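Only one structure is covered here, and it is reproduced in the block below.
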Amino acid sequence: MKKQHVVRVMGWFLLFIMVIGIVLINGIGLYAGNWFYEEVDVAYVREHRGEDSKHQELLTEGKATKDWQDVELVSKHGYKLKGTYIPNSQKSQKTLIFLHGFTKNRLYGLDYARMYLQEGYNLLLVDSKAHGDSGGSAVSWGIQEKDDVDSWVDWVQHKFPDGIIGVHGVSMGAATALMYAGFDETQHKVAFYVADSAYSQLEPLLKEKIIEQIKLPANSFLPDVLLFYSNVVSYYKNSYTFQGSSPLTAITAVTTPILFIHGGADTLVPPKMSEDLYASVKGPKELHIFPQAIHACAVYQDRRQYTQIVQTFIEKYGK
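Going by the working numbering, the first residue of the sequence shown is number 2, and it counts up by one from there.
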């Protein structure tokens, strides 16, 4: 009996140690996951959402002299959305919605405005969730943002019931545009998309960047562990995961024309990602790589060629 009692006590003790170990491991994992979530989805955007004086001056001048208008909506997810509507100097039923990249704001759309104004388009520049003047507690990498795009599309359709709508996104904005394209495939509210420097899948990209930053072996399991716990935290706080941000999955059935643009010297989002996206699309599509351009800088590296590519594309599909 005494021996059986000792065995039973030892069994309970080992079970206790195992439970403590599981709690401790998961506690550390959740702490690390929360840190990563806060850094990637929240803090980095807050730290980099300062004013851009050059673009702000253009906005102030446009509102004072050119009838540019600030627009505000309420997201389907409850936060406010801010945008600026730029009417063409000639009355037009065509409108381009511009989606900026991570940590940027709607004013960067001014760098792309002329190429569309020349083609007779109005412009709607919008601040993404948790960027610029829009609300939202954290970035969701296109998951909730695609619903916000739908709200902006509805706003344009209300203004121009028989109009043509295009969407031009850069970096995260491009990924959002592509995810919206999949969402819009049943209704075809949008006539064409321009996706500049889009990532194909967020989670593999984050894993690659973690390995690069910490200098881990390519086959290390640590990024997978960190992303697992970050996904748990992200889902708990905002009901989405990094894994859910997958333009590659979203566009497999899209038939709306898509123009892909990428910099060949992009080390942040590899050009291979746009190549993979291009290969997965069954509808009308084009892919243009600017060999010397770094991330989201093709328009600055060769504005004339960039403009020509975009204008040729929209003359074909934006009618």
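The C-beta atom is built at its ideal place from N, Cα and C for all residues, glycine as well. Predicted, not measured: the structure shown is a model, and the values here were computed from it.
Problem set entry | Buried versus exposed call for Q70 [16 or more other C-beta atoms within 10 Å across all chains shown] | exposed
Exercise. What number of angstroms, rounded off, separates the C-alpha of A44 from the C-alpha of F222?
Worked result: In this prediction, A44 scores a pLDDT of 45, lower than 50, which makes its location untrustworthy; the coordinate-derived value is nonetheless stated afterwards. Between A44 and F222, the C-alpha separation is close to 25 Å.
Exercise. Thinking C-alpha only, which one of G137, Q94, D112 and N123 is nearest K83?
Worked result: G137
For this session: Please report how far the alpha carbon of L100 lies from the alpha carbon of K216, in whole angstroms.
Result: 33 Å
Problem set entry | DSSP bridge partner residues for G264 (one or two, in chain order) | F291
Exercise. Should N220 go down as buried or exposed, given a rule of 16 or more other Cβ atoms within 10 Å for buried?
Worked result: exposed
Exercise. Which two residues bound the contiguous beta strand (DSSP E) that contains T187?
Worked result: Premise fails: T187 is in no beta strand (DSSP E) and is neither H nor E.
Problem set entry | Complete runs of the alpha helix (DSSP H) confined to the stretch 52-115 [at least 4 residues] | 54-66
For this session: Give the C-beta separation of F243 and E204 to the nearest angstrom, bearing in mind that I take them to be a contact with Cβ-Cβ under 8 Å.
Result: 5 Å
Exercise. The alpha helix (DSSP H) with I315 in it runs from where to where?
Worked result: R304 to Y318
Problem set entry | Nonlocal neighbours in the same chain, by C-beta distance under 6 Å from W142, ignoring five residues either side | L203 and S246
For this session: Have a look at D163 and Q94 and give me their C-alpha separation to the nearest angstrom.
Result: 7 Å
Problem set entry | CB of V195 within 8 Å of CB of L269, strictly | no
Exercise. In whole angstroms, what is the alpha-carbon distance linking G167 and A176?
Worked result: 15 Å
Exercise. Does the stretch 280-288 come within contact of the stretch 247-254, defined as at least 3 CB pairs closer than 8 Å?
Worked result: yes
Problem set entry | C-alpha distance - H56 paired with L111, whole-angstrom precision | 7 Å
Exercise. How long is the line joining the alpha carbons of D225 and L97, rounded to whole angstroms?
Worked result: 38 Å
Exercise. With 16 other CB atoms within 10 Å as the buried threshold, where does Q145 fall?
Worked result: buried
For this session: Mind checking which residues open and close the alpha helix (DSSP H) that includes Y236?
Result: L223 to N239
For this session: Give the secondary structure of F193 by DSSP, where H, G and I count as helix, E and B as strand, and everything else as coil.
Result: strand
For this session: On a CA-only basis, which of Y181, Q302 and K286 is nearest G265? Give me that one, please.
Result: Q302
For this session: Alpha carbon to alpha carbon, how far is T313 from V75? Give it in angstroms, no decimals.
Result: 35 Å
Problem set entry | Backbone secondary structure at N27 - three-state DSSP | The predicted position of N27 is uncertain, since its pLDDT is 49 and thus under 50; no value can be drawn from it.
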